[in-house]
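Heads up: the structure comes next, in structure tokens.
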Amino acid sequence: MNAYVSLLFADLAGSTRLYEQLGDAQAHALVSRALSGFCHEVENHQGRIVKQLGDGIFASFTSAGQAVEASLAMYLWLSQGPWGEQRLSLRAGLHSGDVLQNESGDLFGDAVNVAARLCDFAQPGQLLCSEALVSNMVPTTRLFRARPALLVRGRQQPVPVYELLTTSDDRTLLMTGLAHFPPQPLLELHLAHQSRTLNCGDSLTLGRAEDCDWQVYGQRISRHHARIESRMGQFLLVDYSSNGTLIQTAAGTEIMLHGASWPMQDQGNLFLGGQKKTDTPSVHFSVRPPHS
Numbered sequence: 005m006n007a008y009v010s011l012l013f014a015d016l017a018g019s020t021r022l023y024e025q026l027g028d029a030q031a032h033a034l035v036s037r038a039l040s041g042f043c044h045e046v047e048n049h050q051g052r053i054v055k056q057l058g059d060g061i062f063a064s065f066t067s068a069g070q071a072v073e074a075s076l077a078m079y080l081w082l083s084q085g086p087w088g089e090q091r092l093s094l095r096a097g098l099h100s101g102d103v104l105q106n107e108s109g110d111l112f113g114d115a116v117n118v119a120a121r122l123c124d125f126a127q128p129g130q131l132l133c134s135e136a137l138v139s140n141m142v143p144t145t146r147l148f149r150a151r152p153a154l155l156v157r158g159r160q161q162p163v164p165v166y167e168l169l170t171t172s173d174d175r176t177l178l179m180t181g182l183a184h185f186p187p188q189p190l191l192e193l194h195l196a197h198q199s200r201t202l203n204c205g206d207s208l209t210l211g212r213a214e215d216c217d218w219q220v221y222g223q224r225i226s227r228h229h230a231r232i233e234s235r236m237g238q239f240l241l242v243d244y245s246s247n248g249t250l251i252q253t254a255a256g257t258e259i260m261l262h263g264a265s266w267p268m269q270d271q272g273n274l275f276l277g278g279q280k281k282t283d284t285p286s287v288h289f290s291v292r293p294p295h296s
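Residue numbers (this note's numbering): 5 to 296.
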């Protein structure tokens, strides 16, 4: 069955780190409470939970306005919740488009892929919306800010993107008549270890856990240590680990990354665990145009 809907992917940013800080039982209880709140806000705004995705949800709405208001309500609820010393934040991707629905109620299609990728690209606390969703909004007081167009895997043309502002402090209203940022150049990331290549729109998780895309072993390496993401035409290394990641650039500069992100440029080496150790594998990387 075909339908035109507005889609919301919402993710509890930083949940992986909770499991290392709090332990499995306490972290699972915290994540479950957060997801229950997400589901409650979706239902309050006449949405439907398509499915839960580990530390996030996938929901659909009949209107773009419902999806926007639900994501803002989720953001507000999470920011005001009693989480103790833990800092939890929401990141979300919203898009409108045609989908296919099977007998079990699951949704498929290009629109689902775009919404999911917008969520992947979003920083913690950021709500990213496609132009297709923003153009379906009725006149509203909600504020949107233009962001650089994103390259989404499977699409030849970049996706125009807006950020849904969560406060009224930034009063840049940019819903129509916007000259979009030019698309970012295509790049490839090459990892010498295991001969992996990432294209724009790809991502890769690294760590000791079995569910990581690339399992790397070492005493100082965390279960879910880091993630390499493609955002806005560049690759970012995002560290979630306890001990950090040491970066050695081609110029010989050393950067210690701990709980933060770093734009990967040119070439260099990554030392997961934050130290140059003989028992910890180093990862050589290079970022360059395709086929170069």
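We treat Cβ as the ideally placed atom computed from N, Cα and C, and that holds for glycine.
All figures in this text were calculated on a predicted structure; none of them were measured in a lab.
Straight through space, the alpha carbons of CYS43 and ILE53 are spaced by roughly 7 Å.
Membership of TYR8 in the beta strand (DSSP E) is indicated by the continuous run 6 to 17.
In this structure, the straight-line span from the alpha carbon of LEU210 to that of MET268 is close to 15 Å. DSSP, read as helix, strand or coil, puts ASP28 in helix. Relative to the Cα of LEU154, the nearest Cα in the group PRO162, LEU80, LEU147 belongs to PRO162.
By the beta-carbon neighbour count (other beta carbons within 10 angstroms, threshold 16), GLN84 is exposed. The three-state reading of DSSP puts SER83 in helix, counting H, G and I together. Here the alpha carbons of HIS194 and LEU202 stand approximately 6 Å from one another. Counting C-beta pairs with one atom in each stretch, the region 20 to 27 and the region 220 to 236 have three or more that are closer than 8 Å, which means they touch.
As summarised for the region 108 to 143, the continuous beta strand (DSSP E) elements at least 3 residues long and confined to that stretch are 131 to 134, given in chain order. ILE259 is classed as exposed because its beta carbon has fewer than 16 other beta carbons within 10 Å across all chains shown.
The beta carbon of PHE65 lies closer than 6 Å to those of SER10, GLY51, ALA71 in the same chain, with the five residues before and after it left out. DSSP, reduced to helix, strand and coil, places GLY272 within a strand of the structure shown.
Distance from the CA atom of PHE62 to the CA atom of GLN56, rounded to whole angstroms, is 6 Å. The three-state secondary structure of THR209, taken from DSSP, is strand. Taking a contact as a CB-CB distance under 8 Å, the pair ALA74 and VAL35 does not count as one, their CB atoms being some 19 Å apart. Annotation for VAL220: no beta strand (DSSP E) segment contains it, and DSSP assigns it neither H nor E.
The Cβ neighbour count for VAL142, taken over all protein chains shown within 10 Å, is under 16; the residue is labelled exposed. Relative to LEU104, the option among ARG95, LEU98, GLY97, ALA115 whose CA is nearest is ALA115. Ranked by Cα distance from GLY109, the first of ASN6, GLU135, CYS123 is ASN6. As a beta-bridge residue in DSSP terms, ILE53 pairs with ALA63. VAL242: member of the beta strand (DSSP E) spanning 238 to 243, first to last residue. Counting only residues of its own chain and dropping the five nearest sequence neighbours on each side, PHE13 has a CB closer than 6 Å to the CB of PHE62, GLY97, ALA119, ALA120, CYS123.
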